[in-house]
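Novice: Take the sequence shown: its letter number 133 is residue 122 in my numbering, and every next letter is one higher.
One structure is given below, represented as structure tokens, and several questions about it will come after.
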Amino acid sequence: MAKLEQGDPTEMGMRTEQLTGRTQQVFFSAEESGNLTYPWAPEVDFEKCSEIDAENLSASDINKQIRSLMSEGYGTITVLNPGAKHSLGVGILSRLNLRFEGSLGYFGCGLLDGPNVVITGRVGWSCAENMMAGTLLVEKNAGSTFGAAIRGGDLVCRGDVGSRTGIDQKGGTIIVGGKTGAFSGFMMQRGRMVILGDAGKNLGDSMYDGTIYVGGAIADLGVDAVEADMTELDCEWLQRKLALYGMETSNGIENMTKIVAGKQLWNYDNLEPSEKKLVL
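Here's what the structure looks like:
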């Protein structure tokens, strides 16, 4: 039987100290005065523009060209003829004006941290998954799991979206101009979701925190999702946020329905079996 040799874990990039919550790598500098950027992010000029004709390019080639143009300082990039290809515009961790003239397929623009993106067509499943900062505007409709696990920024769809919008949302703002499907806001943890149209079944199911505003009808609420009173602060925030994208609700902001967590699940593991049945 072969013997295992004792090696140095630091040679493989492994840490040897006990993890106590204070060993996270520092990515940002306090001297940047709030302009938080990654140290490897390219310096781009928004006045410097370029176009990519994606008709005969693969998704990988399109993404490589976007990064190549960014490394050359281009801060405004337009992608023509995206052809609903999957996984376009993913992993952009820098400021950038990015415009897609057409529709995207599945997993478009995931892992964004900083860019401002406009998509003139539709998007497939899981658009802007794990988005951290920036803005993304979809002019038409979106598929299911729109904004899954979003952590920050503004994610906006002017049309309708599918089911499970904002599943596991951890921050940021999701705005839907039309209706959303079932289980939207499922396991929501933080942030705000604004649905100007109708909401499907099990809205806010198992949500831990956060706020959902609905302008239309709600099919029904999920586990531990309850209605709350609209406040003056809610109305002021909604008015400012919707005005940024030229959107409004047909029934008036003050008549929207506000949904929050009932917080009965916060201590679910400590409940008695009979109490768990009542919650569920």
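Quick reminder that beta carbons are idealized off the backbone N, C-alpha and C, glycines included.
A quick note: this is a predicted structure, and the numbers were derived from the prediction, not measured.
When you compare only the Cα positions, how much space is there between G136 and N130?
Specialist: Spanning the two alpha carbons is a distance of roughly 13 Å.
Novice: Does the beta-carbon of C191 have 16 or more other beta-carbons within 10 angstroms, so that it is buried, or is it exposed?
Specialist: Residue identity check: residue 191 is Asn in the sequence provided, not Cys. So N191 ends up on the buried side.
Novice: State the CB to CB distance for the pair L194 and A250, rounded to an integer number of angstroms; the pair is presumed to be in contact (CB under 8 Å).
Specialist: Leu is not the amino acid found at residue 194; the sequence shown has Asp there. Their Cβ separation, rounded to whole angstroms, is 11 Å, which puts D194 and A250 out of contact at 8 Å.
Novice: Taking only three categories from DSSP, how would you classify T12?
Specialist: Note that T12 scores 46 on pLDDT, short of 50, meaning its location in the model is unreliable and no value can be drawn from it.
Novice: Give a yes or no on contact between the stretch 214 to 230 and the stretch 97 to 110, applying the rule of three or more CB pairs nearer than 8 Å.
Specialist: no
Novice: Looking at the secondary structure, which residues open and close the alpha helix (DSSP H) in which C224 lies?
Specialist: 221 to 233
Novice: Where do the ends of the alpha helix (DSSP H) carrying R56 lie?
Specialist: 48 to 60
Novice: Looking only at DSSP bridge pairs, what is C111 linked to?
Specialist: In the sequence on display, residue 111 carries Arg and not Cys. Note: R111 sits in no beta bridge, so no partner.
Novice: Whole angstroms is fine: what's the gap from D209's alpha carbon to L85's?
Specialist: 40 Å
Novice: When we look at the beta-carbon of Q228 and count the other beta-carbons within 10 Å, is it buried (16 or more) or exposed?
Specialist: So Q228 counts as exposed.
Novice: Measuring CA to CA, which of S47, N45, S83, H75 is closest to Y63?
Specialist: S83
Novice: My understanding is that G103 touches S133, with C-beta atoms under 8 Å, so please give their C-beta distance in whole angstroms.
Specialist: The C-beta separation of G103 from S133 comes to about 26 Å, leaving the pair out of contact by the 8 Å criterion.
Novice: For S152, which beta-bridge partners are listed by DSSP?
Specialist: Under the DSSP definition of a beta bridge, S152 lacks any partner.
Novice: How far does the beta strand (DSSP E) with E36 in it extend, from its first residue to its last?
Specialist: Looking at the DSSP string, the run of the beta strand (DSSP E) that includes E36 is 34 to 42.
Novice: Quick check on E216: does DSSP put it in helix, strand or coil?
Specialist: strand
Novice: Counting along the chain, where does the beta strand (DSSP E) carrying F89 start and finish?
Specialist: 86 to 90
Novice: Does G10 pass the burial test, meaning 16 or more other C-beta atoms within 10 Å, or should it be called exposed?
Specialist: Any answer about G10 is weak, because its pLDDT of 46 lies below 50 and its placement is not dependable; what the coordinates show is given next. With fewer than 16 Cβ atoms within 10 Å of its Cβ, G10 is classed as exposed.
Novice: Among residues of its own chain, excluding the 5 on either side of K92, which ones have a beta-carbon nearer than 6 Å to its beta-carbon?
Specialist: The sequence given here places Ser at residue 92; Lys does not occur at that position. The residues are A73, G110, R111.
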